[in-house]
Amino acid sequence: METTTPDQARFAVEARDLSVYYGSFRAVKDISLNIEPQKVTAIIGPSGCGKSTVLRAFNRMNELVPTARTEGTVHFMGQDIYAPDVDPVEVRRRVGMVFQKPNPFPKSIYENVAWGARLNGFKEGLGRPAMDEWVEKCLRKAALWDEVSDKLKQSGLSLSGGQQQRLCIARAIAVRPEIILMDEPASALDPIATLKIEELMRELANEYTIIVVTHNMQQASRVSDYTAFFTMDSDRAGVLVEYGPTAQIFTNPKDPRTEDYITGRFG
Amino acid sequence: MNRPGIEPQGAPHGTGLPPAFEANLPARHKRSRLGRAVFQWSTLVGIVYLALLLYNISDQSFGYAAIGQRVDPASLAVDGVALEDLDQPALIEILQANISSGLLRQLERERPLSEYSRAEVYALVVDKVVREEVLQTWTLTDSLLHASEIRAQVAQEHPQADLRFRAWLTTDFLSVPQSSNPLVAGVRTAVLGSLWTIAITVLVAFPVGVGAAIYLEEYATQNRLNRLIQTNINNLAGVPSIIYGMLGLAIFVRALEPLTSGAVFGFTDPTTANGRTIFSAGLTLALLVLPLIIINGQEAIRAVPASLRQASYGVGATKWQTVWHHVLPGAMPGILTGTILAISRAIGETAPLVVVGAATYITFDPDSPFSKFTTLPIQIYQWTSRPQAEFHNLAAAAILALLGILLSLNALAILLRNRFRRAGGNS
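In the order they appear, the protein sequences are chains A and B. My numbering puts the first residue of the first sequence at 300, with every later residue one more than the last. My numbering puts the first residue of the second sequence at 120, with every later residue one more than the last.
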């Protein structure tokens, strides 16, 4: 992992014939997908079509489910993340994740951000002042600093839902990932908090590659540069139907199934 | 109930509700009232039982006692000087004149009598010569309700006796060792024995139990062997405690004697306990409560939300970091609840300790894990099995002491648990 640099690969993530099984059930089938670096890619599709499963395959999070099994390859910056010599812990550090339900640690706001950094051997300068700066920087990037700068010692759980989710984003970027995976990050939030998260995603796309799973098609059209549409085939496995620039998917879809879904006739 | 006024305009369905819906509501309310009454009764029955228990124990722990003296102290006065004012040599003379030569030799073997202080000799005279003894005792209820009858009865049957209202549970009772004389017997040795034993039990069972719970929940894969282990742990929680006592006897007292007697650590007590030590007892009780701690620990670990684990893995934490920083602190309140239950069970256990070889009568304090020991439940058991009523009063007082210790230990664990709960919110 350490030897590759972004220059060596054209795409941030390249999935080839990716299939994920839960026990004997094939949840997604033969997904091939190239993710553009420093863009927002949205994954849309009906419930149960394996969107989240694909997302979790990109940082080997599926392995936490004992029965899950992955076939095919996923290349991250040119390196196969499922190769035997690759440590999933390092993969998850470099491919960060924000979850559907805000899940801050039951620790202080400061600790929420600092913990992951400290864990991964954070060494910018020495000791606490450097960490204080780093925490501030991450909270600023997550557009949360102004709201929490005077209560860093309070529990992360004392924040509102939208603030908690931005705290989770700050926590994710604190370990300096290259990709941030977002699994329906705004589905538990009200419209105003959702808007803030969407603005933040656009902002973060300058620096990170963002892949977002969403149920909300307006959100996908507002926030993403590329959109992948998934659906279920006849044996209930998720398949990739269409993938392309968001404008094209939403205005001129090639596949009739995509059109049905986007116009609301299905799903 | 048929009020069209509250129907929304243009409601697609008909106006009134079908009669069947209205008909069963009173019945449902009635059933829920019945349910509530049943639960209230269950609670009430529980409270009444508890109150009866406490009443029964307290009733025995306090009350009138008629106390007689074998020798009237006035008759021991020398040349008009009362017994309590005599000097040491005079007291020694009284002692030598009135006690058996065997007892005298026993005392002399420890130290020559002349080296005893005046107070010690006086205590010996009171204990061995004057020899106060309990003639009869009454319960607290009788003492309060029938005081005059009791007084009349004592005046008639034991004219020499002194009728005193006696609390069997006193600070003296807690601070003096066991004795064959109920008036000066205490539970100091037993309390210390219980505390030592519980300390060893917790020190062994807590880390081992929590470790096993973590392994089974976080690391073990779901296979036949692990399912078998899991089932057996659940079964072990229901095994009678005497079985653990026999296991402890075989393993800790016999097989591991060099270890449990402290011989390998250079402990060579002249009053050797041969492995029947506090250490063996603590290990046996640890074995007994281990399933309890493991099962509760597993439940608590399972209750830590998966989202928290994912968040931890998501920032690049290893399994150990996730377990140590998030799972364990999150599960700690539940683990401590299990530990409270375990302590409560262990502190009241009698049967396994009898098998492991608790002494029923010792008067010296345990001073290391390799001492002989007795514990409160054993002391209580021993006192209740005696025929004399005054020992039953002692047993009741010891039960109160046991309850007191149990409550303080649990209060400590609850305090600790609440600290963890708060820490979970903002540390």
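By construction, the Cβ of each residue, glycine as well, lies at the ideal position given by its N, Cα and C atoms. None of the values given here were measured: they were computed from a predicted structure.
Asked: For Ile-412 (chain B) and Asp-306 (chain A), the rounded distance between their alpha carbons; Found: With a pLDDT of only 47 at Asp-306 (chain A), under the threshold of 50, the placement of this residue in the model should not be trusted, and no figure is reported.
Asked: Beta-carbon contacts of Arg-536 (chain B) that lie in its chain and below 6 Å, excluding the five residues immediately before and after; Found: Pro-452, Leu-455
Asked: Beta-carbon proximity list for Pro-544 (chain A), same chain, < 8 Å, skipping 5 on both sides; Found: Asp-524, Tyr-525, Thr-526
Asked: Residues of the stretch 466-483 of chain A whose Cβ lies closer than 9 Å to any Cβ of chain B, in chain order; Found: Cys-467, Arg-470, Ala-471, Ala-473, Val-474, Pro-476, Leu-480
Asked: Counted within 10 angstroms of its Cβ, other Cβ atoms place Ala-532 (chain B) as buried (16 or more) or exposed; Found: buried
Asked: With 16 other Cβ atoms within 10 Å as the buried cut-off, status of Lys-422 (chain A); Found: exposed
Asked: Spatial distance of Pro-208 (chain B) from Val-474 (chain B) (CA atoms); Found: 47 Å
Asked: In chain order, each beta strand (DSSP E) run of at least 3 residues that lies wholly inside the stretch 222-265 of chain B; Found: 251-256
Asked: Buried versus exposed, by CB contacts within 10 Å (16 or more), Ala-216 (chain B); Found: exposed
Asked: Proximity test, Cβ basis, 9 Å: Val-319 (chain A) and chain B; Found: no
Asked: Per-residue contacts from Pro-365 (chain A) into chain B (C-beta, under 7 Å); Found: Thr-340, Gln-341
Asked: Beta-carbon proximity list for Leu-317 (chain A), same chain, < 8 Å, skipping 5 on both sides; Found: Val-327, Asp-329, Ile-330, Ser-331, Leu-332, Val-353, Ala-356, Thr-369, Glu-370, Gly-371, Thr-372, Val-373
Asked: Contacting positions in the stretch 428-445 of chain B - beta carbon closer than 9 Å to chain A; Found: Arg-428, Gln-429, Ala-430, Ser-431, Tyr-432, Gly-433, Val-434, Gly-435, Ala-436, Thr-437, Lys-438, Gln-440, His-444, His-445
Asked: DSSP state of Asp-291 (chain B) mapped onto helix, strand, coil; Found: helix
Asked: Bridge partners - Ile-547 (chain B), DSSP secondary structure assignment; Found: Look at the range of chain B in this structure, 120 to 546, and you will see that residue 547 (chain B) is not part of it.
Asked: Cβ of Gly-460 (chain A) within 9 Å of any chain B Cβ; Found: no
Asked: Test: Ala-311 (chain A) CB closer than 9 Å to a CB of chain B; Found: no
Asked: Cβ separation of Thr-441 (chain B) and Ser-426 (chain B), assumed to be a contact under 8 Å, to the nearest whole Å; Found: With a Cβ gap of about 12 Å, Thr-441 (chain B) and Ser-426 (chain B) do not count as contacting.
Asked: Assigned secondary structure, Lys-450 (chain A) (DSSP; H/G/I helix, E/B strand, else coil); Found: coil
Asked: C-beta neighbour in chain A for Gly-449 (chain B), strict 9 Å; Found: yes
Asked: Within-9 Å CB hit, Pro-405 (chain A) to chain B; Found: yes
Asked: Span of the beta strand (DSSP E), counted from its first residue to its last, around Lys-328 (chain A); Found: 324-334
Asked: Reduced DSSP category for His-374 (chain A) - H, G, I as helix; E, B as strand; rest coil; Found: strand
Asked: Bridge-paired residues (DSSP) for Leu-282 (chain B); Found: B:Ala-185
Asked: Reduced DSSP category for Val-394 (chain A) - H, G, I as helix; E, B as strand; rest coil; Found: strand
Asked: Integer-rounded CB distance, given that Thr-469 (chain B) should sit under 8 Å from Leu-404 (chain B); Found: With a Cβ gap of about 11 Å, Leu-404 (chain B) and Thr-469 (chain B) do not count as contacting.
Asked: 6 Å CB neighbourhood of Thr-302 (chain A) in its chain, flanking five on each side removed; Found: Unreliable positioning characterises Thr-302 (chain A) in this predicted model, as indicated by a pLDDT of 40, which lies under 50. A coordinate reading is not provided.
Asked: Inter-residue spacing [alpha-carbon to alpha-carbon] between Phe-99 (chain B) and Tyr-174 (chain B); Found: Residue 99 (chain B) falls outside the range modelled here, since chain B spans only 120 to 546, and no answer is possible.
Asked: Inter-residue spacing [alpha-carbon to alpha-carbon] between Phe-310 (chain A) and Gln-337 (chain A); Found: 10 Å
Asked: Residues that DSSP places opposite Met-481 (chain A) in a beta bridge; Found: A:Val-397, A:Val-511
Asked: Simplified DSSP assignment, three categories, for Thr-557 (chain A); Found: helix
Asked: Cα-Cα separation between Phe-529 (chain A) and Asn-402 (chain A), rounded to whole angstroms; Found: 26 Å
Asked: DSSP bridge partner residues for Arg-368 (chain A) (one or two, in chain order); Found: A:Tyr-320
Asked: Three-state class that DSSP yields for Ala-271 (chain B) in the structure shown; Found: helix
Asked: Backbone CA spacing between Arg-359 (chain A) and Cys-467 (chain A) [nearest angstrom]; Found: 19 Å
Asked: Chain B contact for Trp-433 (chain A) (CB, 9 Å cutoff); Found: no
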